[in-house]
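Residues in the sequence shown are numbered from 20 upward in steps of one, following this note's numbering. Idealized CB from N, CA, C, for every residue including glycine.
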Amino acid sequence: MKYICIITSLLLLFSCSKNEEDLSLEIGDDWIDGKTKVYYIDTISVATSTFKFDSLMMPNSKRILVGNYNDPVFGHTESQSYMELIGSSFSLDNEAIYDSIALILPYDNYYYNDTIPTQQIEVYEVLEEIKPEDDFFYNTSAFDYSGTPIATKRFSPTPRKEDSLHITVSNLFGIELFKKIVDDKINNNEEFTTDYRGITIKANEQNTAFLGFKKSGVLRVYYTLKEDTQVKELTMDFLINETKFFNQIKSDRSGTYFETLKEQKITIPSTDTDNNCFIQAGVGIATKIDIPFIERINDIPGTGTIIEASLNISLKHKSSTEYHTTRDSLQFYVINKNSEIVKELFTPTGVPVEGTITKDDSEFNVVNYVIPIKDFLDNKLHNSTYRELYLAMYSKEYNYAVDRYIFNGENAPNDKKVTLELTYAIYDEDDE
């Protein structure tokens with residue numbers, strides 16, 4: 020029986036073969052009864068590049084995301100939130116006396132970049148109905164709003180010390196709203212949303228951070244009502260209508276690697292970006308992964324099968340910092356040559372594939388993600404529709420965060436570059 024240890028034409032390195040008696044659970048008894056050889060392969064070519072989705076659907080955004088900052092790699096990024104408000108009651112006694120109005124935003128503990136400098140948040144009235152395009156809001160959606168804010172708040176963020184941010188709203192706005200309800204000009208949500216289309220919350224352009232708030236925030240009217248000899252302090256709340264809420268997240272990429280990403284089908288090879296590939300949540304920057312020569316594995320004599328396959332990719336040294344933290348998992352899609360999503364990547368059992376951290380060395384700032392892609396490679400080898408399909412790697416929090424990732428590409432130093440690791444079994448080889 021001839022065993023192939025090195026196949027020069029394929030540029031593959033085989034090593035670390037397993038004992039046959041240890042393989043029955045992995046590849047089946049029928050194979051073990053025959054002549055079987057198992058190889059470990061870690062030199063198959065991987066090509067990485069960066070592209071940008073034209074727009075991102077924003078369904079079920081987890082948080083209100085407000086902020087902006089300038090990044091030396093990714094440029095200027097900003098987010099503002101649009102939301103329709105709805106009331107649970109429109110009943111006010113004629114004797115009720117207006118006191119004040121405020122927007123109360125509970126922190127959700129998400130923050131990004133430098134929160135030490137003073138930040139400023141502004142609230143504006145939206146002037147048109149907040150209505151989704153094609154049943155969805157996108158990160159590029161926008162609606163007209165007033166030129167003068169109804170609230171401005173300067174503050175030092177303390178999301179881990181305080182439970183919420185209290186933003187005092189203009190009394191002119193509050194008194195007008197209060198009077199319309201007392202005078203029965205607004206009696207239900209239909210009448211309310213006709214007069215008050217919604218609000219948008221945005222950050223001052225000088226801000227240095229992004230802040231996340233829970234969608235349980237409220238616009239609260241404070242008023243008093245005298246009953247007998249007592250004066251009661253009461254409130255009326257207007258809640259966020261979650262079906263008409265989204266974060267508009269955009270960026271200015273002038274002078275960055277990504278300046279040329281004007282269309283989704285355009286990609287920038289990692290060889291043109293200092294051997295790095297990139298992800299930025301919110302704005303749609305993603306990493307494209309190609310395994311261009313995987314079909315050559317079929318040229319190995321004998322009948323073969325992939326037992327395991329994992330992609331290993333590491334973050335650039337010191338790119339994950341106190342200000343620019345990264346998450347412990349990533350999500351994957353199958354995309355076509357124009358970088359359009361074909362499907363989410365799943366395991367054979369129907370579980371979404373995630374890239375998870377397997378090595379996190381804080382001393383040397385090494386963070387490595389491992390992604391199981393056996394099913395994808397099996398399809399590449401045996402399903403013709405997969406021949407020109409690729410993988411896209413992106414943040415799981417794509418519609419409510421701005422996390423950025425800088426990965427080492429295929430031409431990084433050997434101990435850092437992206438690699439594909441295969442366990443490959445061959446049987447029924449010709450006798451010598």
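With a minimum length of 4 residues, the unbroken runs of alpha helix (DSSP H) contained wholly in the segment 167-208 fall at 190-201. For residue 400, the enclosing alpha helix (DSSP H) begins and ends at 393-401. Spanning the alpha carbons of residue 62 and residue 313 requires a straight line of approximately 11 Å.
Around the beta-carbon of residue 299, 16 or more other beta-carbon atoms lie within 10 Å, marking it buried. Pairing residue 390 with residue 361 gives a Cβ-Cβ distance that is not under 8 Å. Selection 404, 137 and 428 evaluated against residue 294 yields 428 as nearest (Cα-Cα). As the crow flies, the alpha-carbon of residue 84 is around 33 Å from that of residue 204.
Looking at the backbone, the Cα of residue 197 and that of residue 211 are separated by about 11 Å. By the C-beta density criterion, residue 57 is buried, having at least 16 other C-beta atoms within 10 angstroms. Per the DSSP secondary-structure output, residue 130 pairs in a beta bridge with 230. Rounded to whole angstroms, the gap between the alpha carbons of residue 418 and residue 292 is 25 Å.
By the beta-carbon neighbour count (other beta carbons within 10 angstroms, threshold 16), residue 358 is buried.
Per DSSP, the unbroken beta strand (DSSP E) holding residue 102 starts and ends at 94-106. Counting other Cβ atoms within 10 Å of its Cβ, residue 146 stays below 16 and is therefore classed as exposed.
Inclusion of residue 331 and residue 440 in the CB contact set at 8 Å is warranted, their separation being smaller than that value.
With contacts defined by Cβ atoms closer than 8 Å, residue 173 and residue 225 do not form a contacting pair. The Cβ neighbour count for residue 421, taken over all protein chains shown within 10 Å, is at least 16; the residue is labelled buried. CA-CA distance, residue 190 to residue 119, rounds to 6 Å.
Contact between residue 279 and residue 94 is absent: CB atoms are separated by about 13 Å, not below the 8 Å threshold. Where residue 309 is concerned, the enclosing beta strand (DSSP E) starts and stops at 304-309. Under DSSP, no beta-bridge partner is assigned to residue 435. Pairing residue 339 with residue 307, the inter-Cα distance amounts to about 20 Å. By the criterion of a C-beta distance shorter than 6 Å, residue 231 is surrounded in its chain by 82, 84, 127 and 129, once the five residues flanking it on both sides are discounted.
A Cβ-Cβ distance of about 5 Å is found for the pair residue 222 and residue 87, placing them in contact under the 8 Å criterion.
Partner residues in the beta bridge of residue 271, as assigned by DSSP, are 95.
Rounded to whole angstroms, the separation of the alpha carbons of residue 392 and residue 442 is 12 Å. Contact between residue 355 and residue 396 is ruled out by a C-beta separation of about 17 Å, above the 8 Å threshold. If you compare the alpha carbons of 290, 242 and 369 with that of residue 430, the shortest gap goes to 290. DSSP, read as helix, strand or coil, puts residue 319 in coil. Annotated three-state conformation of residue 278 is helix, per DSSP. Nearest to residue 201 by alpha-carbon distance, out of 394, 64 and 112, is 112. Taken through DSSP and simplified to helix, strand or coil, residue 405 comes out as helix.
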